[in-house]
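Presented below is the structure to which this report refers.
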Amino acid sequence: MKHEIGIEKESPFKNCKLNRKIYAEVLTEVVINNNQGFVMSLNNKWGTGKTTFVKMWQYHLENQDFQTINFNAWENDFEDNALTALLGELKPIVKPHTESVFNNVLEKGLIISKHILPILVKSLIEKYIDTKNLKESLINITDQVKDIFKNEVDEYLHRKESIIEFKTYLSQFVANTVNDDKPLVFIIDELDRCRPNYAVSLLEQIKHFFSVPNIVFVLSIDKEQLEFAIKGVYGNDNIDSEEYLRRFIDIEYSLPAPDGKTFSEYLYQYYNFAEFFEEKHSQMIGNDKDTFLRICYYLFNNESVTLRQQEKIFAHVSAVLKTCRDNRQLFPLLFVTLIYLKVLHQKFYNSIKTKSLSIDNLQANLTKIFTYNKDSLRIIVGIEANLIFFYNNFLSPNNNLFEYNQTSHKDELIINSYYDANLLLQNLNSLENSHYDLQVNSIEKIIARIDLISRD
Numbered sequence: 001m002k003h004e005i006g007i008e009k010e011s012p013f014k015n016c017k018l019n020r021k022i023y024a025e026v027l028t029e030v031v032i033n034n035n036q037g038f039v040m041s042l043n044n045k046w047g048t049g050k051t052t053f054v055k056m057w058q059y060h061l062e063n064q065d066f067q068t069i070n071f072n073a074w075e076n077d078f079e080d081n082a083l084t085a086l087l088g089e090l091k092p093i094v095k096p097h098t099e100s101v102f103n104n105v106l107e108k109g110l111i112i113s114k115h116i117l118p119i120l121v122k123s124l125i126e127k128y129i130d131t132k133n134l135k136e137s138l139i140n141i142t143d144q145v146k147d148i149f150k151n152e153v154d155e156y157l158h159r160k161e162s163i164i165e166f167k168t169y170l171s172q173f174v175a176n177t178v179n180d181d182k183p184l185v186f187i188i189d190e191l192d193r194c195r196p197n198y199a200v201s202l203l204e205q206i207k208h209f210f211s212v213p214n215i216v217f218v219l220s221i222d223k224e225q226l227e228f229a230i231k232g233v234y235g236n237d238n239i240d241s242e243e244y245l246r247r248f249i250d251i252e253y254s255l256p257a258p259d260g261k262t263f264s265e266y267l268y269q270y271y272n273f274a275e276f277f278e279e280k281h282s283q284m285i286g287n288d289k290d291t292f293l294r295i296c297y298y299l300f301n302n303e304s305v306t307l308r309q310q311e312k313i314f315a316h317v318s319a320v321l322k323t324c325r326d327n328r329q330l331f332p333l334l335f336v337t338l339i340y341l342k343v344l345h346q347k348f349y350n351s352i353k354t355k356s357l358s359i360d361n362l363q364a365n366l367t368k369i370f371t372y373n374k375d376s377l378r379i380i381v382g383i384e385a386n387l388i389f390f391y392n393n394f395l396s397p398n399n400n401l402f403e404y405n406q407t408s409h410k411d412e413l414i415i416n417s418y419y420d421a422n423l424l425l426q427n428l429n430s431l432e433n434s435h436y437d438l439q440v441n442s443i444e445k446i447i448a449r450i451d452l453i454s455r456d
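Going left to right, the sequence shown walks through residues 1 to 456 as full-length UniProt numbering numbers them.
Structure follows, in structure tokens:
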């Protein structure tokens, strides 16, 4: 349930809830001050908003009279020849006064391309052209191209010379295309998601053929995933893929992690949760908005959850709320935590669902996922208590989690505590004394709602 943020060309960062305009301004200064040409990587994990940011930045650049290109490598990796794709992206910016020099670029690009296949050309002609004379003339042209490659030594020398000429013409074309000495910004998005061999081919083409003045390449990548792709292409896990990438990338940049609280509040508004927490569904939820947002802040900061994962969790919460009956009470701490586990820790979630864990196993698994400090201790113990309380009732309603000690005259835990024993006991006591209808509000029924198989 992904949604696209509206981007206004005249004011691209108007709807940016992550305050990222400042980073676009910094990067624009980098581009202005290095207009001789370089390759920059924008390195962040998948799902952190890179694609949205580069679209906003592209409009920001265009509003300052930069010429830009935005090429999605993943959407275009059906094209085997990376050089063809890169030149194809340049064609829309050809102007009448640059058409001649661009044709020279294409001519030299044809010569240096490694993928001219006469047999394929002939088969395409057979398929689409019926006129015999036209067919024969085109085949003759193809045969002439084939003759270029008949001598390997001559081919090498010819290609070497053609590369120099290609770069010369390309440099002239770009110099006559850009405005006021502002370089062409060529954005390549989702390079890490396309076919590994295509990703490597793009990098090689950029390095060998497009390293000319006035072109700045921006590679929007998840560097770790791209490194895996490189190892796969070369069939060697021992290859230093990080060092390999340094050959191509001059400047590395990463967008700072956004403030989780700001994004949570934005998603809260976007999915119109006020309708459920503050208005018509108030009987179902009670006054739980603050609790809901607090647990979201904690969960999203706990494991550096990506923006896309946060959005997925909120979208699932929204779907469940819209299907629940109005008279059903939900427990935000438990409800949101279970959805979080379903999205990010499916195996653990399924173990709860199938009663595969003991109480102690449940607690031990929690410690592997949830970290805490003094500021988050209460919320993590609240998560622990809610999961234990409802899961214990799911296993066996007769199992006690604490008991009254006749000697000390106070309740004492009869289970382990992995965080804070006193806080855990307080939370369990509070849940026990709340007199919830555990038939209606069992974890089994909460999971059924989360899995969208029940409205009860």
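Glycine is no exception: its CB is placed at the ideal position from the N, C-alpha and C atoms.
- In this structure, Phe335 is the residue among Trp57, Tyr298, Phe335 with its C-alpha nearest to the C-alpha of Asn386.
- In the structure shown, Phe173 adopts helical secondary structure according to DSSP, grouped into three states.
- By the Cβ neighbour-count rule, His60 is buried, with 16 or more other Cβ atoms within 10 Å of its own.
- Counting only residues of its own chain and dropping the five nearest sequence neighbours on each side, Lys14 has a CB closer than 6 Å to the CB of Glu8.
- Within the DSSP secondary-structure output, Thr68 pairs in a beta bridge with Val185.
- Between the alpha carbons of Lys55 and Glu165 lies a distance of about 33 Å.
- Annotation: Glu275 is outside any beta strand (DSSP E); the continuous alpha helix (DSSP H) that includes it extends over 274-277.
- Residue state for Ser41 is assigned as strand, using DSSP reduced to three classes.
- Within the same chain, and ignoring the five residues on either side of Ser201 in sequence, the residues whose Cβ sits closer than 6 Å to its Cβ are Ala82.
- With 16 or more other CB atoms across the displayed protein chains lying within 10 angstroms of its CB, Gln363 is buried.
- The criterion of a C-beta distance shorter than 7 Å is satisfied by Ala73 and Cys194.
- Beta-bridge pairing by DSSP links Leu191 to no other residue.
- Closest in alpha carbon position to Ile295, among Ile380, Lys17, Tyr253, is Ile380.
- Of the candidates Leu425, Arg20, Val105, Pro213, the residue whose Cα lies closest to the Cα of Gly49 is Arg20.
- In the displayed model, Asn214 falls within coil according to three-state DSSP, outside both helix and strand.
- Judged by DSSP secondary structure, Phe13 falls outside any beta strand (DSSP E); it is assigned neither H nor E.
- A check of alpha carbon separations from Phe228 across Leu293, Ile239, Phe370, Leu219 identifies Ile239 as the nearest.
- Where Lys410 is concerned, there is no enclosing alpha helix (DSSP H), although the beta strand (DSSP E) around it starts and stops at 410-413.
- The secondary-structure analysis by DSSP pairs Ser220 across a beta bridge with Leu42, Asp189.
- As the crow flies, the alpha-carbon of Lys182 is around 34 Å from that of Leu157.
- Gln36 places its beta carbon less than 7 Å from that of Pro213.
- Pairing Asn365 with Asp222, the inter-Cα distance amounts to about 29 Å.
- Judged by beta-carbon spacing, Phe66 lies within the 7 Å limit of Val185, meaning their Cβ atoms are closer than that value.
- Pairing Ile450 with Leu338 gives a Cβ-Cβ distance under 7 Å.
- According to the DSSP secondary-structure assignment, Asn405 is paired through a beta bridge with Lys410.
- The Cβ atoms of Leu431 and Phe389 lie closer than 7 Å to each other.
- Just so you know, the alpha carbons of Ile163 and Thr262 end up roughly 50 Å apart.
- Collapsing the DSSP output to three states places Ile383 in a helix.
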